[in-house]
Every structure is written in C-alpha cells, then in structure tokens.
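Trainee: Residue numbers (the working numbering): 398 to 615. Glycine included, every Cβ here is placed at the ideal spot set by N, Cα and C.
#1: Going by beta carbon distance, what residues of the same chain come within less than 7 Å of residue 511, once the five residues before and after it are set aside?
#2: Pick helix, strand or coil for residue 527, following the three-state DSSP scheme.
#3: May I ask you to report which of helix, strand or coil DSSP gives residue 439?
#4: So, using beta-carbon positions, are residue 576 and residue 598 closer together than 8 Å?
#5: Taking the straight line between their C-alpha atoms, what separation do you get for residue 529 and residue 459?
#6: Can at least three beta-carbon pairs, one atom from the stretch 447-455 and one from the stretch 479-489, be found at a separation below 8 Å?
#7: What does a CB cutoff of less than 8 Å around residue 586 pick up in its chain, not counting 5 residues either side in sequence?
#8: Starting from residue 463, follow its DSSP beta bridges and name the residues at the other end.
#9: With H, G and I counted as helix, E and B as strand and the rest as coil, what does DSSP make of residue 550?
#10: Between the beta-carbon of residue 572 and the beta-carbon of residue 556, is there less than 8 Å?
#11: Can you give the beta carbon distance from residue 472 to residue 446, rounded, assuming they're within the 8 Å contact cut?
#12: From this set, 463, 491 and 448, which residue's C-alpha is nearest residue 538's C-alpha?
#13: Is residue 581 close to chain C, meaning its C-beta is less than 8 Å from at least one C-beta of that chain?
#14: When the Cα atoms are used, what is the spatial distance from residue 596 to residue 466?
#15: For residue 463, tell me which candidate among 600, 546 and 591 has the shortest Cα-Cα distance.
#16: From which residue to which residue does the beta strand (DSSP E) around residue 589 run?
#17: On the DSSP letters alone, give me the boundaries of the beta strand (DSSP E) that residue 576 sits inside.
#18: Suppose you measure from the CA of residue 526 to the CA of residue 470; what does that come to, to the nearest Å?
#19: Please state whether DSSP places residue 420 in a helix, a strand or coil.
In structure tokens:
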C-alpha cells in the first residue's frame, strides 16, 4: 500500500511539472539595446552662423576707422574623414555685415561694409570621438564703402575652430577668422580693409540618425 501511495504522488508531481511547462510565459520581452553607431565626420552639411566682426578700414591721408559689426549668414560644405582621424573638407559661406557704418571725426569720412562670402578648404583632426579641431583658409569676398561709394573686393581669409557633434546630425561650432580684403583705390583714395571675426554656428550633417533601443519580438 505504501509503495502504491508513493508511486501516485510521484506521478502527480511529474504531471504537474509537464502542465506548467506547457503554460505560456508571462515574462516581458527582453529589451535589446542596439549598439551606438560609430560617428563619422564624412558627409555633406548645411548650417547657420553669426557673431561679431571687428573691422579696420584705413583711408590714406584720412585715417583709420575701427568698426564693430555683427555677422549673420549660412554655410554649406563637405567633409571626408580618413581612418587616421584626419579630416579634409571644402566649405562655402556668406551673409550680411550688420552695423558696420562709421564716420571718422577729423577729417570727416565714412566707411561701411554690407556682405561677406568665403570659399575655404578645411583640414582637421578628431581630437575626441565627437570633437573636431580644424584650420581653414581660402578666398574671401566682400565690399568696402568710402564716403557712400561702394566697391566689391576679393582677398583671403584664414582661421580655425572647433566643431562638436551633439548627435550624429547636429553639430555646434566656435570659430575665429582673419580676413584681408587688400588695398584698392576709391575716388583716388587708397583704402585697405581687414577684419577679425568670432563666430558660432549650428550645423546639420546629412546621414543616418541616432538609433534608440530596439525591442526584440518573439
């Protein structure tokens, strides 16, 4: 009798285990965290920029006007990042010069500027995963006004700065530029203009967006 009871209990335990194994699982589906894609500076980009411009306009026989102005404009470019973290690029930008008009007291003369544009080559190095230290230089375009007579000019610009990628697409920038538009004559007066500018920018880089967590489906 005792053996029969033990055999019955054992059979019931095995049957219960088999039934439990057949029941659907109530555990939540595991969350799969996709690996963060490696960031690359390679690609096309567009952006906006603005800042302060400190111009110096010298008129021979008259004097020098030191002007403080604002800059606002846009940019477009392309970068290519090499495996050794060096980056080469080409960028064009342009915009308006705001509030540069100034009248010199003695003798009286007025100078002004209204626009800027550049085509620059860039070389940089990714000092961190998302930080790019760069230098840039190229051809600069602008205008100089002396006593209400404007003249378009071509010169050069050099500078450097830092780009930082907040996401795979959104990049911030801080930059310094020196621009020299040379010396030319306006109404028989020799005029030379150069400037030092500090700019900040916000850039959108085209490419795949950041990927969030992926929920595995079963």
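Mentor: Per the coordinate set shown:
#1: 493, 494 and 540
#2: coil
#3: coil
#4: no
#5: 44 Å
#6: no
#7: 456, 457, 458, 459 and 543
#8: Per the DSSP secondary-structure output, residue 463 pairs in a beta bridge with 453.
#9: Strand at residue 550.
#10: yes
#11: 6 Å
#12: 491
#13: Absent from the structure is chain C; it holds one protein chain and no more.
#14: Residue 596 and residue 466 have their alpha carbons spaced roughly 12 Å apart.
#15: Nearest option by C-alpha distance: 591.
#16: 586-602
#17: 567-583
#18: 28 Å
#19: With a pLDDT of only 49 at residue 420, under 50, the local geometry of the prediction cannot be trusted, and the value read off the model is given with reservation. Three-state DSSP puts residue 420 in coil, outside helix and strand.
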